[in-house]
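Okay, so here's the structure we're looking at.
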Amino acid sequence: MKRLRIAVQKSGRLSEISLELLKECGIDVKNGRAQLVASASNFPLDILYLRDDDIPQYVEDGVADLGILGENVVVESRANIDIIKRLDFGRCRLSLAVPKAVDYQGLEYFQDRKVATSYPNILNDYLSANGITSEVHVISGSVEIAPNIGLADAICDIVSTGSTLLSNGLKEVESIFRSEAVLVSRKGLDTEGANILQKLLFRLDSVRAAKSNKYVVLNAPNDSIEAITQVLPGMKSPTVVPLATEGWSAIHSVLNEEKFWDIIDDLKAAGAQGILVVPIEKMII
Ligand code: PRT
Ligand code: ZN
């Protein structure tokens with residue numbers, strides 16, 4: 058039977074969570090990251106552990122069929138591969154930052170100035186779209202120290218909390234690209250490969266739906282049921298089950314995390330009691 062190969066980061070910010078996501082999809086990967094390749098025992102998928110920077114090329118060349126990595130790396134690589142799905146983790150932004158003391162007035166600051174970055178392609182695209190020409194210096198690590206050692210006037214680097222910039226005496230002045238982890242695919246998967254990918258996507262959707270929803274069970278006097286069911290969106294209509302206590306029922310439903318607290322308040326106001334909120338492991342939609 059055909060198997061697909063998925064490249065994930067060997068060690069780094071995205072590794073654990075990428076493997077965790079596969080696990081949540083019910084995909085068991087037995088042998089650890091000591092080897093280059095591991096096999097899933099219960100899904101037609103092999104895992105290839107790589108440095109994230111190598112993933113786009115491996116996927117473009119077909120050494121791997123799929124990959125999980127930061128969108129920043131995909132776009133910077135200019136590889137001819139498809140972004141199939143955003144994965145909701147590894148969020149960060151690529152930003153321009155200057156020394157704190159600079160009286161920054163706008164992008165013109167960067168005209169003819171030296172900017173250090175590991176993302177020359179994304180940066181050059183951004184600068185030229187804004188009519189600015191800078192001297193872009195490519196460095197591969199610790200970009201944030203470049204202004205302090207006199208190597209550059211500014212930097213363009215990944216920011217998440219901003220504390221790295223702060224501790225290096227820099228301030229973020231423009232955010233030029235937003236990124237999160239994505240699932241990528243090589244071009245031209247055959248029908249069998251595309252079917253395996255569809256199965257994986259279906260599982261990813263079920264995991265995501267489950268994460269953003271909660272199962273809610275509550276008790277209510279029968280004369281409040283009408284008001285409570287008005288408040289509950291549910292997947293279809295809520296389940297109403299009579300309780301042993303005369304005149305009372307239990308109501309079961311599914312609530313979206315985003316509206317969760319508002320709805321809980323409305324439920325209490327409508328007469329709900331003993332509200333239980335339970336995580337959902339999988340949600341098939
Ligand atoms: O070894 P390998 O090449 O595989 O890993 P790597 O060192 O190149 O990448 P890694 O593991 O650091 O990051 C992998 C991916 O995580 C990146 O490509 C981004 O998509 C994403 N990501 C999310 C981040 C961050 N947040 C992040 N904060 N990548 C890097 N950082 C670094 C940033 O470079 C800077 O040094 O963290 C620092 C800034 O963080 P704050 O919180 O201080 O702002
Ligand atoms: Zn890397």
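If you read the sequence shown in my numbering, its first letter stands for residue 58, the second for the next number, and so on.
Cβ coordinates follow ideal geometry from the N, Cα and C atoms, glycine included.
Which residue's Cα is closest to the Cα of residue i: the options?
i	options	result
V239	I342, L93, V334 and C149	C149
V298	E314, E315, A277 and V288	A277
K268	L78, A64 and F234	L78
P290	V274, A284, S310 and G304	S310
M58	V172, L261, I308 and E249	E249
I202	P177, I84, V172 and V274	V172
Q92	N205, K67 and P101	K67
D247	D103, G119, I84 and P113	G119
Y115	R135, M340, I233 and K228	R135
P177	D262, V195 and R170	V195
N313	V131, V334, K271 and K256	K271
D111	F100, A97, P101 and L126	L126
G348	E315, A307, V65 and W318	Outside the displayed span of the chain (58 to 342) sits residue 348, for which this structure offers no information.
E283	L324, E117, P336 and V273	L324
I321	S232, R60, C82 and T286	T286
I141	N181, F259, S96 and V288	F259
R62	A329, L257 and S294	L257
E81	T218, L300, D262 and A329	D262
Y161	W318, L300, E231 and A97	E231
Grouping DSSP H, G and I as helix and E and B as strand, with all else coil, what is residue i?
i	result
E192	strand
P113	helix
N205	coil
A326	helix
F234	strand
A121	coil
L333	strand
T174	strand
S152	strand
S96	strand
D169	coil
S310	strand
K80	helix
A136	coil
Just to confirm my understanding: we take residue i, look at its own chain, exclude 5 residues before and 5 after, and list those with CB closer than 6 Å. What are they?
i	result
I189	L164, F167 and Q168
R235	R150
L184	S191
S199	none
R143	E237 and V239
T296	H309
I342	A266
V334	K271 and V273
V159	none
Look up residue i in the DSSP assignment and give the residues it is bridged to.
i	result
K142	L240
Y106	V65
K87	K87 is not bridged to any residue.
G127	A238
D319	In the DSSP output, where bridge partners are listed per residue, D319 has none listed.
K228	V155
V216	R150
A186	Bridge partners of A186: none, in fact.
Ignore the nearest five residues each way along the sequence and tell me which others in residue i's own chain have a CB closer than 8 Å to its CB.
i	result
E338	A267
N225	E201, I202, P204 and N205
E315	S269
Within its chain, find whatever has a CB closer than 7 Å to the CB of residue i; leave out the 5 residues flanking it on each side and keep chain order.
i	result
G304	P278 and N279
A209	K171, V172, A173, H194 and A203
V65	S72, S75, L76, I104, Y106 and I125
R243	V116, E117, G119, D122 and I138
A211	L153, A154, V155, F167, R170, V172 and P204
N181	V193
V216	C149, R150, S152, L222 and E229
S98	D85 and K87
Enumerate, from N- to C-terminal direction, the unbroken alpha helix (DSSP H) stretches of 4 or more residues contained entirely within the segment 245-306. 248-268 and 282-288, all fully within the segment 245-306.
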